[in-house]
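Visitor: The following block contains the structure, expressed as structure tokens.
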Amino acid sequence: MATAANLDFKNESDLVFSDISSEAWREYQFESGATVKIDNPVKLNVSESGGHRIFDGQGLSHYIPKGWIHLVWEPKPGQPNFVR
Numbered sequence: 875m876a877t878a879a880n881l882d883f884k885n886e887s888d889l890v891f892s893d894i895s896s897e898a899w900r901e902y903q904f905e906s907g908a909t910v911k912i913d914n915p916v917k918l919n920v921s922e923s924g925g926h927r928i929f930d931g932q933g934l935s936h937y938i939p940k941g942w943i944h945l946v947w948e949p950k951p952g953q954p955n956f957v958r
């Protein structure tokens, strides 16, 4: 399984990212009924406008705009339920 330590995360912005690698997955739910699920999230930046930038364990970058109504996640076994 990929972890923050063995991924090539390059941040050339002024954005600060938090480690959320303790999560197995997270899912954003929108009022329309749409959902976005991200497996193995590793890094998170929450912008001033409320958008979430996420780097995942597959090396993909995601942007989730403000407007979701529910966020659910599952911690990996033995990991904390809340880290940020």
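So for the sequence shown, the working numbering puts the first residue at 875; every next one is plus one. Note that CB positions come from ideal geometry on N, CA and C, so glycine has one too.
1) As a quick exercise: from 940, 943, 918 and 923, pick the residue whose alpha carbon is nearest that of residue 931.
2) Out of curiosity, what's the CA-to-CA distance linking residue 890 and residue 916?
3) Comparing alpha-carbon positions, which option in 925, 914, 893 and 907 lies nearest residue 948?
4) For the beta strand (DSSP E) that residue 953 lies in, which residues bound it at each end?
5) So what does DSSP say about residue 885, is it helix, strand or coil?
Guide: A quick look at the data gives this:
1) Residue 918 holds the alpha-carbon nearest to the alpha-carbon of residue 931 among 940, 943, 918 and 923.
2) 13 angstroms
3) 914
4) Element bounds for residue 953: n/a, residue is neither H nor E.
5) coil
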